[in-house]
Amino acid sequence: MTLELGVCQHPKRGSEQDLSSRPPTERKESLDDSVQYVKGVGPQRAGLLRRLGIETVSDLLRYYPTRHEDRRQVIPLLRLIGGEKQSTCATVKARGDTERRRGLQITRVPISDGVGQAYATWFNQPYMAERFKVGDCVYLFGKVNRFRGMLSIENPEYEVITANSEFASSDPDGDALQTGRIVPLYPLTEGIHQGHLRRVIFGALQKYLSAVVDPLPESLRESHQLLALPVALQHIHFPGSHEDLERARRRLVFEELFLLQCALLLRKSGLQAEFVAYPMMLTNRDKIRFLQSLPFELTRSQRRVCREALDDMSSIKPMNRLIHGDVGSGKTVVAALTLFNAVSNGFQAAVMAPTEILAEQHSRVFSDLLRPLGIPVEFLAGSLKGKERSAVHERIASGEASVVTGTHALIQDEVAFHNLGVVVIDEQHRFGVLQRASLVLKGDAGEQKGRRPHTLIMTATPIPRTLALTVYGDLDVSVIDELPPGRKEITTRWLKDRQREKAYEFVRQEIRKGRQAYVVCPLVEESEKLNDIEAAVQMAERLQRQVFPDLVVGLVHGRMGVTEREAVMRRFADGEIHILTATTVIEVGIDIGNVSVILVEDAHRFGLAQLHQLRGRVGRSPHKSYCLLVGHATTEEGRARLQAMVATNDGFRIAEEDLRLRGPGELYGTRQHGLPDLRIADLIRDGNILQVARREAASLLQVDTGLHDVSHGALRAALDKFCGGKLEKFLVG
Ligand code: ADP
Ligand code: MG
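So, in structure tokens, the structure goes:
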């Protein structure tokens, strides 16, 4: 039998609107039941659903649609009007036929809704003829035209809502789920259709909603006008209106961000309660000595952040502070103060940087800052070998080395500190959480046994506020939000490939004025034959021979030995090299004031944060500086990045634009940070809710610090589930 049914006419709206007030069912339904026992699932489909991460009924109810389609206006075929885009629903009557006309392949599939007849028509998509089986009930949305006296819906969006083969076992009422309403669209896997998943979820809602317990305290729901969870779940899947959907979404987003903030705040207070540090106080005399030894006066922002760090360190709770601020805002000097404070209190201090070249620079910069105070700085990196290395190890173990800068080499097993009191981690985004933890654990040794060092983390670029509250939600955050006085705006230009000569000419002019330049080599993709080192070598040779034969061109890259690289950097710093060709090893931190221009090749291949970092290598002196981006953006996103660079020098705006372009997924990298995934909240769109959720989580935890109150049982359970059943681990990890 074919489907000459009323399904496609005016679908009934089931009584699901009032589900939450249904009388409780006899057997106690548990949301932890396997999804296999939900109507319409069974063992085989349960296996398919598992691929979507759905194991239990609860997973199913929380399997949110990615979007909805408004199918409230489904029009019977007879009432379709030519020339307009409309929705309809009909049954496939026969196999599609493909005809060639004037170089066009036209595929027509005959459809009927029992009363009217029409075609669904596709151009140059002959495979559409095979797409449907006779008897399939399909939803179509497209422009309606007339063809040989018949209506034709052209290139429609479509969805098979009831496959012919499926129909016998399906619930005819269920088809009111597919059209005539706002319909959910779910991410699928092979073997699971939209229509089917809708029916399954609908059935599960009917049966299980009464068992859903709301983790949000009622007072919180009331004060923020949040829907009760059962209602929100019903409406996120099957909303009666757009307003219903919006309110459901707001409630679920709030819940998710609230759970995230509870978890982060619990972790933060747990870490602080569990470990103790030695309090370190800086005398006024020492403070003055430090300030007087600096070659400049601190900005107001720097003074504030210094105060925050010193306050933290004076406590028995280990400092756990993140400093962020724009490139060149002067984060280093704050770190220097914490090192000085540790040493003044008789402790060792360590600074870890992600690359050797940056660690070397730290060692120079911190030496310059601390030498006037009589504090020597040691350096430890992988390139240090043999006797030299073991000598450094010994001085670290004996406590003779009071400040050590270095790379990952600092966290190797052989390194044992005498009494590590402060740890500074630079450019944190380059380190995983675990490496950060390893260095902190180094503090729990020697004289410091049983104690934790104070930790200061610096990032290279500013962090959008919403991200700071999530990725770094377990840290205290300080922002340096002003640049030292006298900085000039860097002028940024985006040049096309064919304007490269112009860019070189500009570089030459700057060098004639006595300035210097960086040329950053393009990133090389995996698939290309050259690796990035070879490409850099070739580029430096070409620049030297063909473009700037009369000038000195140098090269640094990541795989040079330290001595060689140091020699090049020193010659560049001394002005003997005019143009330094470099891979992105110069991206972070490098600080040479006389450089007034940075030219980035194939700039469209770099990320926005990376470009901003690279640009931060210039503009570090009174000389007017320039950033030349040479590149041919082939994607919309690539163009948007380069345009953002030209439009602003403000790292906070760049960071927000980056977040907008890349989306939180990649940047926020929850997994990489060991945080739970967000399913419905969007850190960009939902930034405001995030801040409210943070505030509410903090005030709840102030009253019930460990979340032990019985009235918060459901919240605690939800939190555990949110952390993948590993709340305890998350809290200490
Ligand atoms: P970043 O925040 O990018 O790490 P740095 O700490 O490297 O910035 O500082 C950038 C430059 O600004 C350095 O040359 C530093 O000596 C200088 N600087 C830092 N603070 C001040 C200040 N208050 N006044 C003048 N120059 C400063
Ligand atoms: Mg820095």
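Sequential numbering from 1 applies to the sequence shown in my numbering.
Ideal Cβ positions, reconstructed from N, Cα and C, are used throughout, including at glycine.
Remember, it's a predicted structure, so these values are computed and weren't measured experimentally.
Rounded to whole angstroms, Ser112 and Leu227 show a C-alpha spacing of 42 Å. For Met280, there is no enclosing beta strand (DSSP E), since its DSSP letter is neither H nor E. Counting only runs of 4 or more residues that sit fully inside the stretch 496 to 560, the alpha helix (DSSP H) segments are 500 to 512, 532 to 542, in chain order. Around the beta carbon of Arg515, 16 or more other beta carbons lie within 10 angstroms, which makes this residue buried. When the Cα atoms are used, Asn320 and Val415 turn out to be separated by approximately 23 Å. Residue pairing from DSSP leaves Thr470 without any beta-bridge partner. At a threshold of 7 Å, Pro372 does not count as near the ligand ADP, since its beta carbon sits no closer than that to any of the ligand's heavy atoms. With a cutoff of 7 Å, Lys317 does not count as near the ligand MG, since its C-beta is closer than that to no heavy atom of the ligand. Listed as beta-bridge partners of Tyr158 by DSSP are Leu140. Annotation for Thr332 indicates a beta carbon within 7 Å of some heavy atom of the ligand MG.
Nearest to Ala342 by alpha-carbon distance, out of Leu384, Glu297, Asp312, Val422, is Val422. Note on Pro295: under 16 other CB atoms within 10 angstroms of its CB, so exposed under the neighbour-count rule. In the structure shown, the three-state DSSP call for His454 is strand. Exclusion of Gly651 from the 7 Å shell around the ligand ADP follows from its C-beta lying no nearer than that to any non-hydrogen atom of the ligand.
For Glu637, the uninterrupted alpha helix (DSSP H) segment begins and ends at 636 to 647. By the neighbour-count criterion, in which a residue is buried when 16 or more other Cβ atoms sit within 10 angstroms of its Cβ, Ile81 is exposed.
The criterion of a C-beta distance shorter than 8 Å is not satisfied by Gln348 and Ser315. Beta-carbon to beta-carbon, Gln613 and Ala460 are separated by about 6 Å, close enough to satisfy the 8 Å threshold. Here the alpha carbons of Leu456 and Val276 stand approximately 16 Å from one another. Contact between Gln261 and Ala697 holds: their C-beta atoms lie close to 4 Å from each other, under 8 Å. When DSSP reads this structure, Pro110 sits in a beta bridge with Tyr119.
Going by DSSP, Pro184 is part of the beta strand (DSSP E) stretching over 182 to 185.
Excluding its 5 nearest sequence neighbours in each direction, Val424 has C-beta neighbours in its own chain below 6 Å: Ala335, Val351, Leu456, listed in chain order. Non-local C-beta neighbours of Thr66 in its own chain, meaning closer than 8 Å and more than five positions away in sequence, comprise Leu185, Tyr186, Pro187, ordered along the chain. By the neighbour-count definition (other C-beta atoms within 10 Å, threshold 16), Leu611 is a buried residue.
Runs of the alpha helix (DSSP H) spanning 4 or more residues and lying entirely within the stretch 340 to 373 occur at 356 to 370, in chain order. Here the alpha carbons of Asp574 and Gly619 stand approximately 18 Å from one another. The stretch 537 to 555 and the stretch 652 to 663 do not touch, with fewer than three beta-carbon pairs separated by less than 8 Å. If the five residues before and after His237 are omitted, its C-beta is found closer than 6 Å to the C-beta atoms of Pro184, Ile201, all from its own chain and listed in chain order.
Taking a C-beta distance under 8 Å as the contact criterion, Thr107 and Thr88 do not qualify as a contact pair. One alpha carbon belongs to Arg250, the other to Ala717, and they sit about 21 Å apart. With 16 or more other Cβ atoms from the protein chains shown falling within 10 Å of its own Cβ, Pro239 counts as buried.
Secondary structure of Cys262 (DSSP, three-state): helix. Between Ser478 and Ile323, the CB-CB gap stays under 8 Å. Closest by C-alpha distance to Glu99, out of Lys624, Thr91, Val109, Val92, is Val109.
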